[in-house]
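J.:
2 protein chains.
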Amino acid sequence: MSYTIHEVAQKMGISTYTIRYYHDHGMLPFVKRDENNNRIFEDSDLEWLNIIVCLRATGMPVERIHHYLDLVQEGECTVPERYEMMKAQQERTLSEITALNKHLSTINFKVDHYADIIENNKPDMFVPSNLRNNPTTDQTA
Amino acid sequence: MSYTIHEVAQKMGISTYTIRYYHDHGMLPFVKRDENNNRIFEDSDLEWLNIIVCLRATGMPVERIHHYLDLVQEGECTVPERYEMMKAQQERTLSEITALNKHLSTINFKVDHYADIIENNKPDMFVPSNLRNNPTTDQTA
DNA sequence: GTTAGCGTTCGACTAACTCTAATGTAATGG
DNA sequence: CCATTACATTAGAGTTAGTCGAACGCTAAC
């Protein structure tokens, strides 16, 4: 199977701009062109693009992903370095998830707080003090 | 209690550059200056900065956070809009966590895969076909 | 045969930092 | 008393990872 850039964008949930950006920056080295110079993507390109998307979404810089690609192309002897890269990314992602969960509970608190104000007509008790423009009538951060 | 910009950076886990950026962009409207024009932060500023950090870390653009600040300063009548903002952010964060977990399992798979190669001297069976530079001897993506 | 609908390239623009350079003040130390 | 250190300031340039607009080319349909 082969695909156009739009089909790939759809499938991968990224924009055509992004795909061209990756291609222009040498991160999709096997993408071919048809007779009109249009990019054509094979299933194997999608596999690799999927890895790119995964690594980017978990915060790996484009340059590091490029280095990972170089390692893959260099062959078996680079497996240890690739292993270290993936372990580092695993850790990074785990702590990112932990951080997001912490932030989520802060947001949950805000949501519950505002819901309470709206439902019960309560005044807001948790405004940082310098954000109150009138402490007696308006306490609604 | 009051703090210098460096103390605040330390406490909040962000850079002094970022704090100045937020201040310069009107997102820390209550930060005072001392007699040498140095910024001085009160506990209430830290509370608000903590909210900024939380919203930024969960992907809210600076401009939206600025709008949220405006709403807080406008008073009680903006509670419904603030409620909607926080609910939207809650959803966004939940789906971000879901996405990260999906990506994490992809990375876990890679880690296990490389560990297996290293421990058992197995060749790599999961190289996207076009990344193989020699299919018979080198299959190590 | 021209219009619609794809694709292309190049280059400008953006967000959110991140850093450098030039400068200022305050405390310490010979 | 002056110098060095340490920290602050500002303005502005640089970076990353896209995002988009303009100008253009090919092909298929009306």
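Chains X and P are the protein sequences, given in the same order.
Those letters in the first sequence? Residues 1 to 141, by UniProt numbering.
Those letters in the second sequence? Residues 1 to 141, by UniProt numbering.
All C-beta atoms, glycine included, are put in the ideal place defined by N, C-alpha and C.
Since the model is a prediction, treat every value here as computed from it, not as a measurement.
Can X/M27 and X/H67 be called in contact, C-beta distance under 8 Å?
T.: Contact flag unset, no.
J.: Excluding the five sequence neighbours on either side, which residues of its own chain have a C-beta within less than 7 Å of the C-beta of X/H6, listed in chain order?
T.: These residues qualify, in order along the chain: T16.
J.: Is it buried or exposed for residue 163 of chain P, if we count other Cβ within 10 angstroms and need 16 for buried?
T.: No information on residue 163 of chain P is available, as it lies outside the stretch 1 to 141 that chain P covers here.
J.: So with CB distances below 7 Å, who are the chain P contacts of X/E96?
T.: Those within 7 Å of X/E96 in chain P are L100.
J.: So what's P/E35 in DSSP terms, helix, strand or just coil?
T.: Three-state DSSP puts P/E35 in coil, outside helix and strand.
J.: Whole angstroms is fine: what's the gap from residue 149 of chain P's alpha carbon to P/I51's?
T.: Absent from the structure is residue 149 of chain P, since the part of chain P shown begins at 1 and ends at 141.
J.: With 8 Å as the threshold, decide whether the Cβ of P/M86 is near any Cβ in chain X.
T.: Interface residue, yes.
J.: CB P/H103 to CB X/T18, shorter than 8 Å?
T.: In this structure, X/T18 does not lie closer than 8 Å to P/H103 by Cβ.
J.: Which residues in chain P sit within 8 Å of X/A57, going by Cβ to Cβ distance?
T.: Simply A99, L100 and H103.
J.: Using only CA atoms, which one of P/L49, P/R20, P/R33 and P/P29 lies nearest to P/M12?
T.: Comparing Cα positions, the closest option is P/L49.
J.: State the Cα-Cα distance for the pair P/E76 and P/M86, rounded to the nearest angstrom.
T.: So the two alpha carbons sit approximately 15 Å from each other.
J.: Starting from X/I40, follow its DSSP beta bridges and name the residues at the other end.
T.: BP columns for X/I40 point to X/K32.
J.: Taking 8 Å as the CB-CB cut-off, is X/N108 touching chain P?
T.: True, the Cβ-Cβ gap to chain P drops below 8 Å.
J.: What residues in its chain sit with their C-beta under 6 Å from that of P/F109, if we drop five residues either side in the sequence?
T.: Nothing meets the Cβ criterion.
J.: Skipping 5 residues on each side, what residues in its chain have a beta carbon closer than 7 Å to that of P/V53?
T.: Within the same chain, P/V53 has close Cβ partners M12 and I14.
J.: Rank X/Q89, X/E96 and X/M1 by C-alpha distance to the C-alpha of X/L46 and give the top, closest one.
T.: Comparing Cα-Cα distances from X/L46 to each of X/Q89, X/E96 and X/M1, the minimum goes to X/M1.
J.: Just to make sure I have the definition right: I need the residues of chain P whose C-beta is within less than 9 Å of the C-beta of X/Y3. Which are they?
T.: Correct list: empty, because the minimum Cβ distance to chain P is about 14 Å.
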